[in-house]
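There are 4 protein chains.
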Amino acid sequence: MPKKAAGRAGRPRDENVHRAILDAARDLIRDEGYASFSIEGVAARAGVAKQSIYRRWSSKGALLVDLYMDGLDRLEPALGRGFPDDLLAVLQQTTKRVQDPTYANILKSVVVEAQSDPDMRKLVLKKIVEPRREAAKTLITNAIAAGELPSTLDAEMIVDFVFGAVWFNLLLGDANLTSQFARRIVKTIELLSPASRP
Amino acid sequence: MPKKAAGRAGRPRDENVHRAILDAARDLIRDEGYASFSIEGVAARAGVAKQSIYRRWSSKGALLVDLYMDGLDRLEPALGRGFPDDLLAVLQQTTKRVQDPTYANILKSVVVEAQSDPDMRKLVLKKIVEPRREAAKTLITNAIAAGELPSTLDAEMIVDFVFGAVWFNLLLGDANLTSQFARRIVKTIELLSPASRP
Amino acid sequence: MPKKAAGRAGRPRDENVHRAILDAARDLIRDEGYASFSIEGVAARAGVAKQSIYRRWSSKGALLVDLYMDGLDRLEPALGRGFPDDLLAVLQQTTKRVQDPTYANILKSVVVEAQSDPDMRKLVLKKIVEPRREAAKTLITNAIAAGELPSTLDAEMIVDFVFGAVWFNLLLGDANLTSQFARRIVKTIELLSPASRP
Amino acid sequence: MPKKAAGRAGRPRDENVHRAILDAARDLIRDEGYASFSIEGVAARAGVAKQSIYRRWSSKGALLVDLYMDGLDRLEPALGRGFPDDLLAVLQQTTKRVQDPTYANILKSVVVEAQSDPDMRKLVLKKIVEPRREAAKTLITNAIAAGELPSTLDAEMIVDFVFGAVWFNLLLGDANLTSQFARRIVKTIELLSPASRP
DNA sequence: CCGTAAACGAGACGGTACGTCCTGTCTTCTA
DNA sequence: TAGAAGACAGGACGTACCGTCTCGTTTACGG
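Residue numbers (our numbering), protein chains in the order written: chain L, 2 to 199; chain E, 2 to 199; chain F, 2 to 199; chain A, 2 to 199.
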């Protein structure tokens with residue numbers, strides 16, 4: 002007769018299974034790319050039943066989102082040094098992760114999944130896109146308030162510019178998403194500041 | 002006396018079949034979205050053999066690229082009025098087409114296909130992305146030469162900003178890709194011009 | 002405490018699916034003949050996935066062999082009454098089954114499949130041909146030993162004669178493969194017996 | 002107003018095309034067997050249009066029948082030496098041809114085609130099966146009339162025995178269809194003759 | 001020597017089926 | 001209840017041939 006009412010009845014989920022799935026998924030998308038990434042393949046590689054994956058993630062995309070976030074630092078620690086430096090830090094968190102082709106593949110796949118699944122799109126926005134956009138947006142509006150950027154600036158559009166450049170190059174562009182690339186972005190934004198004028 | 006040396010041997014491709022495929026594909030992606038878009042489905046809807054599709058397009062993606070371009074005007078005619086107006090025209094060609102959800106879906110699908118097929122990626126760049134980027138790049142560099150934009154400007158990055166904003170919002174964003182949105186983009190770029198300074 | 006060590010892992014094959022496939026296959030070959038007999042057609046008619054057929058049978062031919070054997074009595078029970086009667090019984094098992102045009106079609110199809118697939122040929126021999134030939138061969142050699150047939154007889158050749166007559170008429174001949182036909186075969190073999198001589 | 006009723010208008014059939022088709026078909030069935038024998042394949046190998054094959058033969062089977070008969074000697078020359086020798090000669094014409102695996106394959110294929118095409122079945126009977134059966138039947142009935150075989154004999158059944166043994170071993174049996182095999186057949190038939198009795 | 005007409009290589013065409021892969025769900029046994 | 005295993009209905013893949021068709025070109029004969 003089971004005692005504890007808190008912990009639900011039955012056998013608890015096995016944490017090793019969780020890890021095995023994430024590891025197998027990461028290895029698979031590293032080795033084969035998104036084209037041959039399937040739940041079936043992950044299960045086989047992880048030595049796990051398909052059901053054990055579906056029990057944890059409602060779709061391929063949800064798994065990929067967790068896979069991208071897995072081990073990713075929180076944003077805040079790097080911040081606090083003001084407009085151009087903090088914006089650079091935000092962008093470099095992404096460029097750094099995406100330098101690893103594995104994570105670049107994951108991020109591309111996440112976008113793919115979002116195109117045909119509205120729930121997935123919401124999830125991607127909430128877990129990956131919005132946190133970074135919000136951070137950047139705040140930095141921009143603060144910079145405007147501080148007179149470091151013109152008061153007429155369309156802050157939302159600047160955020161679109163900055164992240165658009167990153168996403169575009171991830172998905173279709175030729176640019177290597179290096180730290181240097183992030184620096185070029187920020188440099189170009191800085192040209193808008195009154196201080197940059199002759 | 003041989004007539005046409007040019008005309009290749011064998012029965013020529015049937016233009017009606019070509020049209021039927023494009024029409025069926027467009028209808029299908031309009032009615033069902035990309036998720037249930039299949040070569041099989043297009044063939045059935047067009048009343049055509051699958052082979053007749055594969056004979057013309059090597060992949061689902063290649064078909065989608067042609068589908069997006071089908072009936073799209075050349076860029077040049079709209080140009081010739083100088084930097085901000087021409088840039089706006091270039092962007093509005095896309096925003097206009099993408100206002101139709103059918104073409105928005107096609108364009109999303111094209112990006113999806115490009116993520117798992119390097120040939121497809123090249124095709125998308127060559128047929129859809131690069132022509133517009135080149136047009137915009139030329140406008141930007143001309144504007145710099147004319148002193149309408151600062152000489153220190155990273156033209157390539159401006160192009161990334163401009164198209165990044167469009168692609169990002171197509172794939173993941175909340176912005177409605179209206180003509181007004183294109184205007185906001187151009188307005189923000191104009192803030193860089195020396196003339197806009199106090 | 003583990004119960005059954007024997008029961009293999011995973012969901013067991015569904016016996017209803019097995020039956021549905023055999024029934025659909027039989028109906029199909031009855032109604033349409035071998036020409037339009039396809040795995041696809043069987044699956045559709047059985048309301049079953051193609052994979053469920055391939056899981057059980059490696060080829061169309063293997064399915065047909067099982068289909069022919071399905072419900073066919075073992076040979077032995079009918080035997081035990083000595084040379085001419087037992088030989089007749091062996092032959093009549095086949096003529097009886099083949100009186101039903103459905104099973105005649107199946108048997109023809111089985112030969113067809115065997116012509117282009119060595120594995121199939123082995124299967125047909127093992128499951129259909131050899132058991133009957135062995136039974137007949139034993140009866141012949143016993144009859145020789147008992148002096149009912151001449152000691153100089155080439156027993157293997159007699160078996161070839163007897164079954165050759167059946168197979169030939171099934172595949173190419175005009176003879177209706179009735180019980181009477183089997184009787185004619187046995188009668189002709191009996192002419193070899195010393196007892197039949199003047 | 003066309004004059005000659007005999008020679009029809011238009012370009013006459015090219016005899017080289019005819020030969021090229023037969024040669025390509027023979028080579029194909031020799032090298033690949035019946036499994037991958039297709040009109041498409043023959044056309045490609047012969048360097049000929051598919052239509053040129055369909056113009057001459059109504060089906061794959063009709064082509065195969067001609068292919069088998071191509072270059073085959075008439076039956077008669079070998080005959081005239083009485084019952085056992087002439088029967089042997091008739092059988093050996095077939096065993097000899099069938100020693101070449103190419104022709105064995107053709108003959109098997111011909112039977113295959115006959116199973117799903119009534120016209121083909123008639124053609125095979127008329128052009129390949131019946132002539133030989135008729136020859137044998139005549140020899141048997143003559144032998145009965147001459148007292149070389151018992152008067153009670155079922156001549157048709159003997160023919161079934163003799164050709165059944167050949168066809169069975171061609172299609173399903175282990176016996177190598179050598180001249181020696183034909184001799185064994187005839188030997189066993191001879192056991193029926195009154196002269197063979199003690 | 002010219003026009004008609006069939007033959008010819010080539011290859012497109014609507015179809016049908018192939019055997020494989022993957023989806024998301026289910027059913028079994030074992031822990 | 002979780003978990004490994006694997007069956008299940010379903011859908012699509014890309015390929016191979018079928019037999020028919022439409023091209024441009026070639027080759028004979030009859031006028």
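For every residue, glycine included, the Cβ atom is placed at its ideal position computed from N, Cα and C.
Interface partners of residue 101 (chain A) on chain F, CB under 7 Å: Near residue 101 (chain A) there are no residues of chain F at all, since even the closest Cβ is about 17 Å away, more than 7 Å.
Residue burial classification, residue 135 (chain L) (beta-carbon count within 10 angstroms, cutoff 16): exposed
Under 8 Å between C-beta atoms, does residue 194 (chain L) make it to chain E? no
Can the beta-carbon of residue 163 (chain A) be found less than 8 Å from the beta-carbon of residue 129 (chain A)? no
In whole angstroms, give me the CA-to-CA distance for residue 139 (chain A) and residue 66 (chain A). 24 Å
How many Å lie between residue 96 (chain E) and residue 115 (chain L) at the Cα? 21 Å
Between the alpha carbons of residue 49 (chain E) and residue 40 (chain E), how many angstroms are there, rounded? Those two C-alpha atoms are separated by around 11 Å.
Among residues of its own chain, excluding the 5 on either side of residue 47 (chain A), which ones have a beta-carbon nearer than 6 Å to its beta-carbon? 21, 22, 25
Who are the neighbours of residue 152 (chain F) on chain A, taking C-beta pairs under 8 Å? In chain order: nothing, as chain A lies at least about 11 Å away.
Closer than 9 Å at the beta carbon, the chain E residues around residue 230 (chain L): Residue 230 (chain L) lies beyond the range of chain L shown here (2 to 199); nothing can be said about it.
Same chain only: Cβ atoms within 8 Å of residue 34 (chain E), ignoring 5 sequence neighbours per side: The residues are 106.
Strictly under 8 Å for the Cβ-Cβ distance: is residue 109 (chain A) near chain F by that measure? yes
According to the neighbour-count rule (16 or more other Cβ atoms, all chains shown, within 10 Å of its Cβ), is residue 69 (chain F) buried or exposed? Buried is the call here.
Rounded separation between residue 127 (chain E) and residue 148 (chain L) - CA only: 42 Å
Please state the DSSP three-state secondary structure of residue 114 (chain L). helix
Kindly indicate which three-state DSSP category residue 185 (chain F) falls into: helix, strand or coil? helix
Spatial neighbours of residue 15 (chain A) in its chain, beta-carbon cut-off 7 Å, leaving aside the 5 residues before and after: none
CA-to-CA distance, residue 123 (chain E) to residue 91 (chain L), given in whole angstroms: 30 Å
At the 8 Å Cβ level, is residue 1 (chain L) part of the contact set with chain E, yes or no? Because chain L is modelled from 2 through 199, residue 1 (chain L) falls outside the range shown and cannot be assessed.
Confirm, please, whether the CB-CB distance from residue 88 (chain A) to residue 137 (chain A) is below 8 Å. Residue 137 (chain A) places its beta carbon less than 8 Å from that of residue 88 (chain A).
Does residue 21 (chain F) have its Cβ less than 8 Å from a Cβ in chain A? no
Identify the contact partners of residue 34 (chain F) in chain A, using a Cβ-Cβ distance below 7 Å as the criterion. 117
Three-way DSSP call (helix, strand, coil) for residue 168 (chain L) in this model: helix
Residue 193 (chain A): which of A:173, A:180, A:152, A:60 sits nearest, CA to CA? A:152
Where the alpha helix (DSSP H) through residue 73 (chain L) begins and ends: First-last for residue 73 (chain L): undefined, no H or E at that position.
What do you get for residue 4 (chain L), buried or exposed, if any count of 16 or more other CB atoms within 10 angstroms of its CB means buried? Because the pLDDT of residue 4 (chain L) is 40, which lies under 50, any placement of that residue in the model is unreliable, and the number read from its coordinates should be weighed accordingly. Residue 4 (chain L) should be labelled exposed.
Are the CB atoms of residue 171 (chain A) and residue 111 (chain A) nearer to each other than 8 Å? no
Could you compute how far the alpha carbon of residue 182 (chain E) sits from the alpha carbon of residue 156 (chain E)? 21 Å
Compare the C-alpha of residue 176 (chain A) against each of F:184, F:158, F:58 and name the closest. Residue F:158 is the option with its Cα nearest to residue 176 (chain A).
Of the listed residues F:75, F:82, F:19, nearest to residue 56 (chain F) (C-alpha basis): F:19
Using 8 Å for Cβ pairs, my map puts residue 118 (chain A) next to residue 62 (chain A). What's the rounded Cβ distance? 6 Å
Short of 9 Å Cβ to Cβ, which residues in the region 162–180 of chain E face chain L? 162, 163, 164, 165, 166, 167, 168, 169, 170, 172, 173, 174, 175, 176
Of all the residues that make up the region 114–141 of chain E, which are near chain L by a beta-carbon distance shorter than 8 Å? Under the 8 Å Cβ criterion, the region 114–141 of chain E contributes 115, 116, 117, 118, 122, 125, 126, 130.
Is residue 160 (chain A) near residue 178 (chain A), with beta carbons less than 8 Å apart? In terms of Cβ geometry, residue 160 (chain A) and residue 178 (chain A) do not form a close pair [threshold 8 Å].
Could you check which residue in E:51, E:184, E:165, E:154 has the C-alpha nearest to that of residue 174 (chain L)? E:165
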